[in-house]
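Worksheet: one structure, shown below.
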Amino acid sequence: MVNFTFVPHKGARPERSGLVKSHVMRESQRRRREAKQRRHQNLSTSGPSEPQTATTRDDENSQLGLHPQSSLLLRAIPSSEAPHDNTNEYPALINGTDGAVPWPPPSNPLSGSETNPLHGTQESTVGIEYSILSNNRLQASSRWPFSGDFPSNPVRDYSAFVQTNLRSSFDSNGNFWHNLSPVLTQQPRLLYPAYQNANSPSDASWVSESLFNRMTELVSHYTSSLYIERPGLPPVNPVIYWQRLSLVNSKVLLSTALFYCAYRDTVRDMAGNDHVYFKHRILNLINTALKNPETAVCDDNIAAVISMCMYENLRGSDLIGMHLRGLRQMLDTRGGINSFHSDQGQHISEMALLQDMMHASCSNVPPMMFDITDPILRDMRPISLENWYPQSPLRVLNDAGFARPIPELRFSFEILKDAFDAFEMLCVEAFDPDTASEEAPLFKVRREKYWMRLTSREDDSPSEHIPSSTGGKIEKAIHLAAKIHFRAVASRIQHDDEANAGDMKRLHAIIRKIDLGFWKVAHYVYLWILLTGGAASSKHPRYRSHFVSEILRLGLSIGLFDWRSFRLTLGNFLWLQQYLRRHKPGGPIEGE
1 MVNFTFVPHK
11 GARPERSGLV
21 KSHVMRESQR
31 RRREAKQRRH
41 QNLSTSGPSE
51 PQTATTRDDE
61 NSQLGLHPQS
71 SLLLRAIPSS
81 EAPHDNTNEY
91 PALINGTDGA
101 VPWPPPSNPL
111 SGSETNPLHG
121 TQESTVGIEY
131 SILSNNRLQA
141 SSRWPFSGDF
151 PSNPVRDYSA
161 FVQTNLRSSF
171 DSNGNFWHNL
181 SPVLTQQPRL
191 LYPAYQNANS
201 PSDASWVSES
211 LFNRMTELVS
221 HYTSSLYIER
231 PGLPPVNPVI
241 YWQRLSLVNS
251 KVLLSTALFY
261 CAYRDTVRDM
271 AGNDHVYFKH
281 RILNLINTAL
291 KNPETAVCDD
301 NIAAVISMCM
311 YENLRGSDLI
321 GMHLRGLRQM
331 LDTRGGINSF
341 HSDQGQHISE
351 MALLQDMMHA
361 SCSNVPPMMF
371 DITDPILRDM
381 RPISLENWYP
391 QSPLRVLNDA
401 GFARPIPELR
411 FSFEILKDAF
421 DAFEMLCVEA
431 FDPDTASEEA
441 PLFKVRREKY
451 WMRLTSREDD
461 SPSEHIPSST
471 GGKIEKAIHL
481 AAKIHFRAVA
491 SRIQHDDEAN
501 AGDMKRLHAI
511 IRKIDLGFWK
521 VAHYVYLWIL
531 LTGGAASSKH
541 PRYRSHFVSE
551 ILRLGLSIGL
561 FDWRSFRLTL
571 GNFLWLQQYL
581 RRHKPGGPIE
591 GE
């Protein structure tokens, strides 16, 4: 029997040419010659029109405060030649016509090497510089051969795509069912336009199918899986607002593509080689906008920085602190975080605070923008406003009980109530010492009773065992989170103490196997579980990323539309962490 090796016209040569039939090799060579001739014809055909194209682009660039006759192309240079800057301070924003300091690190955002804390690998071993090319050379080197690879309608409805293709990224067992295209792990083959006139829609040929698929998958995972239609929603959905803006704004589009890199690496556990490509382009766009007083703190530039925060937060990078400080400076320049309105769907202040609170809770550090106040454990809201389970161990609504006709929670109502009562006793001891002193014996008895109830539910199954039913997974997740929570509120043990590591890892394994859509019915219970697990994983980056990703998913699909309740729950947890830091053995932490 004769074995053949078929070689596509763009494929690599076989190691043994004798395995290839001669007619196959001739056909492959003919196709390569024809493709080369077509490329030369395209370049020669576009020659006469270059001066006009360059002039038009110069006019647009001059309107945006850019240098004419130039575009940016990324190329690698040895790290020894790359400029280095060890400054960790954030640049001051420009005032009037004064020059702006570039977005740090200035000149070389990824100089030297950067270690991915999740994988322990070096992302880049070379420095980066931006070379200025003429428009002629740029078009010759970056033109994408348009052959129907792009969507026929770039303003295609995202919700329709999600309903037909990406209803959920996971199956009922928590495993991905949607196959990841190889192109979504690679940097694009073309140079996307660095600058674009915001008043005109983007050229559909620049919006490749891979970028569009990044957007749709992110929308499906972070919003569609938990989104609930309910009365009182804003007139413009913020998700729809930013989706539409991404089609006409390259900064929003590329910053979203960068966040997809972190999502794909951490949530999908499929590393790609496109981080540097997108990171350098979006940092360059942010720097360029900061040099112009009219664009330094515009909505899309702030949104790009928020996206950088999402990216670094999900990866567990220390750079998140730098971006949060810069974000706060930008918001203060616009009049403060409370000066932003969401009537058009931007929700800038909410998204900025969400990044700050997520980072603080999952890193066990004080927030930079959110002011921690005394907790509000019992909240009052109009009757029948909540169409889902509103209670959690961090907040009770309208002093109602915990029992509800939810089958999956029927074995956990008692534990949820015990967890809330234990938190309330801690608050009594913190704010009313006299009452706490009088009730000390009773508090001790109640705590012992709660802990006995928790330990009595321990089973003899192996630690790696995961219940098969959804109800069993929910019950086990609540039980593990309650153990970590009880150590915090009863024994003053911080969440990230090593005593909680084992329970945190089991909790991580279980919640990854729960269907994403289940938590629509009890998302504030899930928020408590995620905050507890996220805080316990702050020293374990391998596990932390999933908790961060899920808190973000809750925030984008639920929190933005029920911001008061969501913020109160997060605020109560941040107060608990602050209290534990101040009352840890050895005294409070400096600066708090």
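Okay, so the sequence shown: first residue is 1 according to full-length UniProt numbering, each after it adds one.
We treat Cβ as the ideally placed atom computed from N, Cα and C, and that holds for glycine.
Every value quoted in this text rests on a predicted model; they were computed, and no experiment measured them.
Would you report the Cα separation of D503 and H495, rounded to the nearest angstrom? Residue 503 sits at position 503 when you count from the first residue of the sequence shown. Residue 495 sits at position 495 when you count from the first residue of the sequence shown. When rounded, the distance between both Cα atoms is 11 Å.
Beta-carbon within less than 6 Å of G571's beta-carbon, same chain only, minus the 5 sequence neighbours each way: which residues are those? By one-based count along the sequence shown, residue 571 stands at place 571. Cβ within range, chain order: n/a, list empty.
Look at the alpha carbon of S549 and the alpha carbon of T455, and state the distance between them as a whole number of angstroms. As a first step, residue 549 is located in the sequence shown; it is residue number 549 there, counting from the start. As a first step, residue 455 is located in the sequence shown; it is residue number 455 there, counting from the start. About 30 Å.
Sequence-distant residues of its chain with Cβ nearer than 8 Å to P117 (five each side left out): Translated into the one-based positions of the sequence shown, residue 117 becomes position 117. Note that P117 scores 36 on pLDDT, short of 50, meaning its location in the model is unreliable and no value can be drawn from it.
With H, G and I counted as helix, E and B as strand and the rest as coil, what does DSSP make of V252? Here residue 252 refers to the residue found at position 252 when the sequence shown is read from its first residue. The answer is helix: DSSP assigns V252 an H, G or I state.
Reduced DSSP secondary structure (H/G/I, E/B, other) of L527: Here residue 527 corresponds to residue number 527 of the sequence shown, with the count starting at 1. DSSP places L527 in helix when its eight states are reduced to three.
Nearest to R567 by CA position, among L377, N273, K444, is which residue? Along the sequence shown, one-based indexing puts residue 567 at 567. Comparing Cα-Cα distances from R567 to each of L377, N273, K444, the minimum goes to L377.
Suppose you measure from the CA of S428 to the CA of V396; what does that come to, to the nearest Å? For this step, residue 428 is matched to residue 428 along the sequence shown. For this step, residue 396 is matched to residue 396 along the sequence shown. In the sequence under discussion, the amino acid at residue 428 is Val, which differs from the Ser named in the question. About 16 Å.
Which whole-angstrom value describes the C-beta separation of L394 and F573, a residue pair presumed to lie in contact below a C-beta threshold of 8 Å? Working through the sequence shown from its first residue, we reach residue 394 at position 394. Working through the sequence shown from its first residue, we reach residue 573 at position 573. Indeed, because the Cβ distance is near 6 Å, the residues count as touching under 8 Å.
Report yes or no: do three or more beta-carbon pairs, one from the stretch 317 to 337 and one from the stretch 287 to 298, lie closer than 8 Å? yes
To which residues of the same chain is D399 closer than 7 Å at the C-beta, ignoring the five residues directly before and after it? Position 399 of the sequence shown holds residue 399. Closer than 7 Å at the Cβ level, and outside the excluded window around D399, lie R378.
Would you mind sorting H341 into buried or exposed? The rule is 16 or more other CB atoms within 10 Å of its CB. Stepping through the sequence shown from its first residue, residue 341 is reached at position 341. The residue in question, H341, is exposed, as its Cβ has fewer than 16 Cβ neighbours within 10 Å.
Assign R567 to one of three DSSP states: helix, strand, or coil. Your numbering for residue 567 matches position 567 in the sequence shown. The answer is helix: DSSP assigns R567 an H, G or I state.
Per DSSP, what kind of secondary structure is S317 in: helix, strand or coil? Counting from 1 along the sequence shown, the entry for residue 317 is found at position 317. DSSP places S317 in coil when its eight states are reduced to three.
Per DSSP, what kind of secondary structure is D356 in: helix, strand or coil? One-based indexing of the sequence shown puts residue 356 at position 356. Reduced to three states, the DSSP call for D356 is helix.
Does the pairing of the stretch 574 to 581 with the stretch 359 to 375 give three or more beta-carbon distances under 8 Å? yes
Between Y526 and L507, how many whole angstroms is the CB-CB distance? I'm expecting something under 8 Å. As a first step, residue 526 must be located in the sequence shown, where it is residue number 526. As a first step, residue 507 must be located in the sequence shown, where it is residue number 507. Wrong, their Cβ atoms sit about 12 Å apart, outside the cutoff.
With DSSP collapsed to three states, give me the class of D299. What you label residue 299 is simply residue 299 of the sequence shown in a count that begins at 1. Of the three classes helix, strand and coil, the one that applies to D299 here is helix, per DSSP.
Where does R487 fall in DSSP's three states? As a first step, residue 487 must be located in the sequence shown, where it is residue number 487. Helix.
In the DSSP assignment, find the unbroken alpha helix (DSSP H) run with I282 in it and report its ends. Along the sequence shown, one-based indexing puts residue 282 at 282. Its alpha helix (DSSP H) spans residues 275 to 290.
Residue span of the alpha helix (DSSP H) that contains residue 594, given as start and end: As shown, the chain starts at 1 and ends at 592. That puts residue 594 outside it, with no answer to give.
Check whether the Cβ atoms of I514 and L530 sit closer than 8 Å, and answer yes or no. Numbered from 1 along the sequence shown, position 514 holds the residue referred to as residue 514. Numbered from 1 along the sequence shown, position 530 holds the residue referred to as residue 530. Contact flag unset, no.
Cα separation between T223 and R544? As a position in the sequence shown, residue 223 is number 223, starting the count at 1. As a position in the sequence shown, residue 544 is number 544, starting the count at 1. C-alpha separation (whole angstroms): 20 Å.
Using C-beta distances below 8 Å, list every residue in its chain close to H479, excluding the 5 sequence neighbours before and after it, in chain order. The count along the sequence shown starts at 1 and reaches residue 479 at position 479. Around H479: S412, I415, L454, R457.
Taking its Cβ as the centre, do 16 or more other Cβ atoms sit within 10 Å of N284, making it buried, or is it exposed? Within the sequence shown, residue 284 is the residue found at index 284, counting from 1. Burial call: buried.
Simplified DSSP assignment, three categories, for V521: By one-based count along the sequence shown, residue 521 stands at place 521. In this structure, V521 counts as coil in the three-state DSSP scheme.
To the nearest angstrom, how far is it from the Cα of D269 to the Cα of S437? For the purposes of this step, residue 269 is taken as residue 269 along the sequence shown, with counting starting at 1. For the purposes of this step, residue 437 is taken as residue 437 along the sequence shown, with counting starting at 1. Going by the C-alpha atoms only, they are around 51 Å apart.
Indicate the three-state DSSP secondary structure (helix, strand or coil) for V267 in the structure shown. Sequence index remark: in the sequence shown, residue 267 carries index 267 (1-based). Reduced to three states, the DSSP call for V267 is coil.
Measure the Cβ-Cβ separation of F486 and Y450 and say whether it is below 8 Å. Along the sequence shown, read from residue 1 onward, the residue named residue 486 stands at position 486. Along the sequence shown, read from residue 1 onward, the residue named residue 450 stands at position 450. A contact, by the Cβ cut-off of 8 Å.
Close beta carbons around I306, own chain, < 8 Å, minus the five adjacent residues each side: The sequence position of residue 306 within the sequence shown is 306, counting from 1. Here the set comprises L327, I348, M351, A352, Q355.
Beta carbon of A304 nearer than 8 Å to that of S339: Sequence index remark: in the sequence shown, residue 304 carries index 304 (1-based). Sequence index remark: in the sequence shown, residue 339 carries index 339 (1-based). No, Cβ-Cβ distance for A304 and S339 is not below 8 Å.
I think V521 touches I406, with their Cβ atoms under 8 Å apart; what is that distance to the nearest whole Å? In the sequence shown, the residue the question calls residue 521 occupies position 521. In the sequence shown, the residue the question calls residue 406 occupies position 406. The Cβ separation is near 6 Å, so the contact holds.
Where do the ends of the alpha helix (DSSP H) carrying D515 lie? As a position in the sequence shown, residue 515 is number 515, starting the count at 1. Taken as a continuous stretch (DSSP letters only), D515 belongs to no alpha helix (DSSP H), as it is neither H nor E.
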